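Under our numbering, the first residue of the sequence shown is numbered 280, with each subsequent residue one higher.
All C-beta atoms in this analysis are idealised placements derived from N, C-alpha and C, irrespective of residue type, glycine included.
Keep in mind the model is a prediction, meaning the values are calculated, not measured.
Here the structure is laid out as structure tokens; the discussion comes afterwards.
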Amino acid sequence: MSTTYKVELGRLEAWIVKNSSWLALAIIAAAFAVRLAYSDSCYLNPDEASHFESARTSNWIETYKAAFMQAHPPLFILVLHGILFLGRTELILRLPSLVGGTAALWLTFAWIRRVVGEAPALAGLGFMALSPAAISASTEVRQYGLLLCFVCGSLYATERTFTERSTFWAIVQGLFLIGALLTHYTAIVVLLSLGLYVLLRSILDGVPRRILFTIGVSQLVLATLLGWLYFGHVRRLIPFGIGASMDYLRPYYYA
């Protein structure tokens, strides 16, 4: 490799590092445009229509009760109910997922940048921006765009908790995880995985007692919330059994 080529490569790398935030914003803006265009070509499938039916009740109490008739925790239905004051077009219905999925892109970039640097962060952001699964999650009238935002936010907050020894970010991490659990039951996988990671990193890196206490309180709140959802929703309200409408879900994460 010639010296000139190395110099030019170094300049390019320095330029990417210097302008990484602007490059990330440009990628995110393009990704949002792609998601917006894709959402315009979609139509409500039966599952999405069911979510809309639960969210379009006349008041918050009825919406809360209707949300527990779904197979998932109530947060997304409540968010959807709140956004309906803007209108009832399909674009409005998809707005929570669009916003959540787009915010997840920035959180992903910010998390990877703190861990391994600007260039890998831009590569990771590009992957997320173009991923068909991420695009679909960010346009559906379902929980996945919001869940993606909470999960990516919890990863970013976890990294800042350890690198900055920050109690504030430990609290933020707990709030993101609570949001994820209240959005979709598959968040349990994230709770277990991230909980194990936090435990190992706390042992290896060492953290102040105030952060350990904060994380412990967050875990206690999450366990209490999970117990409430399990006994108050999964066991009591979701219709499982032969011929029941949601029995097809039982072999999956409900098991």
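The continuous alpha helix (DSSP H) containing LEU426 extends over residues 423 to 443. Residue state for SER376 is assigned as helix, using DSSP reduced to three classes. PRO399 has its alpha-carbon roughly 42 Å from the corresponding atom of MET348. In the DSSP assignment, THR368 falls outside any alpha helix (DSSP H), carrying neither H nor E.
Counting only runs of 3+ residues, no beta strand (DSSP E) is found wholly inside the segment 316 to 352.
Contact annotation: the segment 425 to 442 does not touch the segment 322 to 339, with fewer than three C-beta pairs closer than 8 Å.
If you ignore the 5 residues before and after LEU508, its C-beta comes within less than 7 Å of the C-beta of PRO352, all in its own chain and listed in chain order.
Each residue's CA atom was taken as its position, placing LEU404 and LEU475 some 25 Å apart. Looking at the backbone, the Cα of SER376 and that of LEU315 are separated by about 11 Å.
Each residue's CA atom was taken as its position, placing VAL496 and VAL513 some 24 Å apart.
Note on ILE482: under 16 other CB atoms within 10 angstroms of its CB, so exposed under the neighbour-count rule. C-alpha of LEU460 to C-alpha of LEU504: approximately 8 Å in a straight line. In this structure, the CA atom of VAL468 is about 19 Å from the CA atom of GLY380. Contact annotation: ARG392 and SER299 have beta-carbon atoms nearer than 8 Å. Just so you know, the alpha carbons of ALA309 and LEU365 end up roughly 24 Å apart. Here the segment 442 to 451 makes no contact with the segment 406 to 414; the two share fewer than three CB pairs at distances below 8 Å.
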